[in-house]
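Residue numbers (the working numbering): 2 to 384.
In structure tokens:
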């Protein structure tokens, strides 16, 4: 239906205000273009030849368009937006005129919310080749830390594009991010480039983002994030010997003291509620199962007692050794404002209910854990 001029300009303003999702050119889309263009890389990839003063294709220099074409025009280089809207869309339109199979050339055809690729889609995508190693031992001259064995091929499988890590150029991190920082690397030194917990491109930052997943957040939501004293050695091991090894968590039953059964009964509120049954062994088994299913967790959960440390976070831990009760540190009548340590009620609710909420599991209500007694109100009781 045609619009009159007033409606047209109203519609135009609405469109201009709309924020389109960024278009991500991932491995799958790249492979579709490789197939469709019969691997004629020069149709998209080029570099500027200073001697000939023109754009030329040179094999082995292929990189992301965004490595040269940035957010805004720079000198004689167009912005990425202009390049994509001119070159990509024109190519699609020309192929459409010729009756060839092609990609979209409308806004909504490219600018859609990034979808999760299916296993079938990813199964046909070969590994992108730019001369990168399968594995590399990252070493820094004069570093006091051991080398880091890095499974480059394995990390490629966890990313959508090379730019997830190589955000400026397709070269090693240390080429721009030097030991002391350089203008080429925005004065971000190498240690920060690897360890900045708030960056989605740093090693630590990327690993930290995985802790937000429901399967991990149950334990990690109350633990110290970023670089900790225990997080150095899993990476700085100095060799490939420990990379990809089987989980060291072992059998959960081997952790419990001999006098402890699989379940624990908590009676601290038995005046108002029925005792709460805590399925201790079942929880340990589930957490062990989750840990063993993750390559990242297997690398960092390197001790059998790791599974215990989220709940028993201040206790000395040992297989088959008893640990202090929660009430040893979290007193029933403690005033947390004076000590910065939660009382027992707060500790249970932060840890138990916090875990359930982060993992999206039930119960998360009072009587779901400790059923109310008949004839008594089941509200909160002042101890």
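Where a beta carbon is used, it is the ideal one built from N, C-alpha and C, also for glycine.
All values derive from a computational prediction rather than experimental measurement.
Leaving aside the five residues before and after residue 321 along the sequence, list all residues of the same chain whose C-beta is less than 6 Å from its C-beta, in chain order.
By 1-based counting over the chain shown, the position of residue 321 is 320. Cβ within range, chain order: 258.
Any contact between the segment 364-373 and the segment 267-280? By contact I mean 3 or more CB pairs, one from each, below 8 Å.
Yes: the two stretches touch, three or more of their Cβ pairs being nearer than 8 Å.
Does the beta-carbon distance from residue 256 to residue 300 come in below 8 Å?
For the purposes of this step, residue 256 is taken as the residue at position 255 of the chain shown. For the purposes of this step, residue 300 is taken as the residue at position 299 of the chain shown. The answer is no: Cβ separation not under 8 Å.
Does the beta-carbon of residue 177 have 16 or more other beta-carbons within 10 angstroms, so that it is buried, or is it exposed?
Along the chain shown, one-based indexing puts residue 177 at 176. Buried, since its Cβ has 16 or more Cβ neighbours within 10 Å.
One question on the structure: do residue 331 and residue 343 come within less than 8 Å of each other, judged by their Cβ atoms?
Here the question's residue 331 lines up with position 330 in the chain shown. Here the question's residue 343 lines up with position 342 in the chain shown. In this structure, residue 343 lies closer than 8 Å to residue 331 by Cβ.
On the criterion of 16 or more Cβ atoms from any shown chain inside 10 Å, does residue 49 qualify as buried, or is it exposed?
Along the chain shown, read from residue 1 onward, the residue named residue 49 stands at position 48. Exposed is the call here.
Put residue 253 into one of helix, strand or coil per three-state DSSP.
Translated into positions along the chain shown, residue 253 becomes position 252. Residue 253 falls in the helix class under three-state DSSP.
What's the gap between the Cα of residue 202 and the Cα of residue 360?
The residue labelled residue 202 in the question sits at position 201 within the chain shown. The residue labelled residue 360 in the question sits at position 359 within the chain shown. Cα-Cα distance, rounded: 25 Å.
Out of 285, 265, 21 and 286, which one is the CA nearest neighbour of residue 277?
Working through the chain shown from its first residue, we reach residue 277 at position 276. Nearest of 285, 265, 21 and 286 to residue 277, Cα basis: 265.
Whole angstroms are fine: how far does the CA of residue 81 sit from the CA of residue 208?
Counting from 1 along the chain shown, the entry for residue 208 is found at position 207. Counting from 1 along the chain shown, the entry for residue 81 is found at position 80. Going from the Cα of residue 208 to the Cα of residue 81 covers about 29 Å.
Using 8 Å as the Cβ pair cut-off and three pairs as the minimum, do the segment 113-129 and the segment 84-103 touch?
No: fewer than three Cβ pairs fall under 8 Å.
Between 171, 314, 282 and 235, which has its C-alpha nearest residue 68's C-alpha?
Along the chain shown, read from residue 1 onward, the residue named residue 68 stands at position 67. Among 171, 314, 282 and 235, the Cα nearest to that of residue 68 is on 171.
How would you call residue 57, buried or exposed, if buried means at least 16 neighbouring beta carbons within 10 angstroms?
Taking the first residue of the chain shown as 1, we reach residue 57 at position 56. Residue 57 is exposed by the Cβ-count criterion.
Three or more C-beta pairs closer than 8 Å, one from the segment 40-54 and one from the segment 143-159: is that the case here?
Contact between the segment 40-54 and the segment 143-159 is absent, because fewer than three Cβ pairs lie under 8 Å.
I think residue 314 touches residue 324, with their Cβ atoms under 8 Å apart; what is that distance to the nearest whole Å?
Residue numbering aside, residue 314 sits at position 313 when the chain shown is read from its first letter. Residue numbering aside, residue 324 sits at position 323 when the chain shown is read from its first letter. Between residue 324 and residue 314 the Cβ distance is about 10 Å, and since that is not below 8 Å, they are no contact.
So, using beta-carbon positions, are residue 395 and residue 217 closer together than 8 Å?
Residue 395 cannot be examined here, being either before or after the span of the chain that is shown, 2 to 384.
Report the three-state DSSP secondary structure of residue 58 (helix, strand or coil).
On the chain shown, position 57 is the one that residue 58 refers to. Note: residue 58 maps to coil in three-state DSSP.
Is the CB-CB distance between residue 126 and residue 29 below 8 Å?
Along the chain shown, read from residue 1 onward, the residue named residue 126 stands at position 125. Along the chain shown, read from residue 1 onward, the residue named residue 29 stands at position 28. Contact: yes.
For residue 188, which residues in the same chain have their Cβ closer than 7 Å to its Cβ, ignoring the five residues on either side in sequence?
Residue mapping note: residue 188 aligns to position 187 of the chain shown, counting from 1. For residue 188, where only same-chain residues beyond five positions count, the Cβ hits under 7 Å are 182.
Would you be able to state if there are at least three C-beta pairs under 8 Å between the segment 221-235 and the segment 128-143?
Because the criterion of three Cβ pairs below 8 Å is not met, the segment 128-143 and the segment 221-235 do not touch.
Just the Cα atoms here: how many angstroms apart are residue 190 and residue 184?
The residue you call residue 190 lines up with position 189 of the chain shown. The residue you call residue 184 lines up with position 183 of the chain shown. The alpha-carbon atoms of residue 190 and residue 184 are separated by roughly 10 Å.
Mind checking residue 113: buried by the 16 CB within 10 Å criterion, or exposed?
For the purposes of this step, residue 113 is identified with residue 112 of the chain shown, where counting begins at 1. Its Cβ having fewer than 16 others within 10 Å, residue 113 is exposed.
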